[in-house]
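**Student:**
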Amino acid sequence: LAPGSFVQANYGAFALALAEMAAAVPAGATRMVEMHAGVGSIGLSLMALCPGLTHLRCVEINGAGAEPFARSREHLLQAWSQPAVTAGGSAPTAPAAAPKRRGRPP
């Protein structure tokens with residue numbers, strides 16, 4: 032791991048927190064902004080959990096997160112489709128085209 036790496040130590044708690052956040056996304060919401068996004072773990076996961084979300088803007092001023100964010104985004108975009116997933120802050124990433132998403136995970 033690189034010095035700037037982040038590792039989720041408690042996957043169970045993270046999954047529960049994501050479920051709570053997904054439940055709080057208003058019906059009909061299509062856009063989301065994640066502030067202090069790091070590598071985008073929360074925003075990218077919520078895009079997978081909330082099929083109505085079509086646009087995500089991740090904002091992070093620490094440029095060290097740009098490369099891991101791009102890798103995570105590309106990995107997820109291979110699995111599902113989103114019209115616009117971008118990163119902001121000091122290391123913006125251009126929107127990416129993607130294949131079709133399979134829908135809400137079980």
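Here my numbering is used: the first residue of the sequence shown is 32, the next is one more, and so on. Ideal placement from N, C-alpha and C gives every residue a C-beta, glycine not left out.
#1: Mapping DSSP to helix, strand and coil, what is His106?
#2: So is Gly43 buried or exposed if we call it buried at 16+ other beta carbons inside 10 Å?
#3: Looking at the structure shown, is Pro136 part of a helix, part of a strand, or coil, going by DSSP?
#4: Have a look at Asn41 and Gly59 and give me their C-alpha separation to the nearest angstrom.
#5: Quick check on this structure: which residue in Glu91, Ala95, Ile92 and Leu87 has the alpha carbon closest to the alpha carbon of Val64?
#6: Taking the alpha carbon of Glu91 as the reference point, which residue from Val70, Leu75 and Ser103 has its own alpha carbon closest?
#7: Within 10 angstroms of the Cβ of Gly83, are there 16 or more other Cβ atoms? Answer buried if so, exposed if not.
#8: Using the Cα positions of Gln39 and Ser72, report the straight-line distance between them to the nearest angstrom.
**Tutor:** Concretely, from the data shown:
#1: In the sequence shown, the residue the question calls residue 106 occupies position 75. DSSP, read as helix, strand or coil, puts His106 in helix.
#2: If you number the sequence shown from 1, residue 43 lands on position 12. Answer is exposed; the Cβ neighbour count stays below 16.
#3: What you label residue 136 is simply residue 105 of the sequence shown in a count that begins at 1. In this prediction, Pro136 has a pLDDT of 44, which is less than 50 and means its spatial position is unreliable; what the coordinates show is noted afterwards. In the structure shown, the three-state DSSP call for Pro136 is coil.
#4: Working through the sequence shown from its first residue, we reach residue 41 at position 10. Working through the sequence shown from its first residue, we reach residue 59 at position 28. Distance between Asn41 and Gly59, taken at the CA atoms: about 31 Å.
#5: One-based indexing of the sequence shown puts residue 64 at position 33. Comparing Cα positions, the closest option is Leu87.
#6: The sequence position of residue 91 within the sequence shown is 60, counting from 1. Nearest option by C-alpha distance: Val70.
#7: Position 52 of the sequence shown, counting from 1, holds the residue named residue 83. It counts as exposed.
#8: Within the sequence shown, residue 39 is the residue found at index 8, counting from 1. Within the sequence shown, residue 72 is the residue found at index 41, counting from 1. Using only the alpha carbons, I get a separation of about 9 Å.
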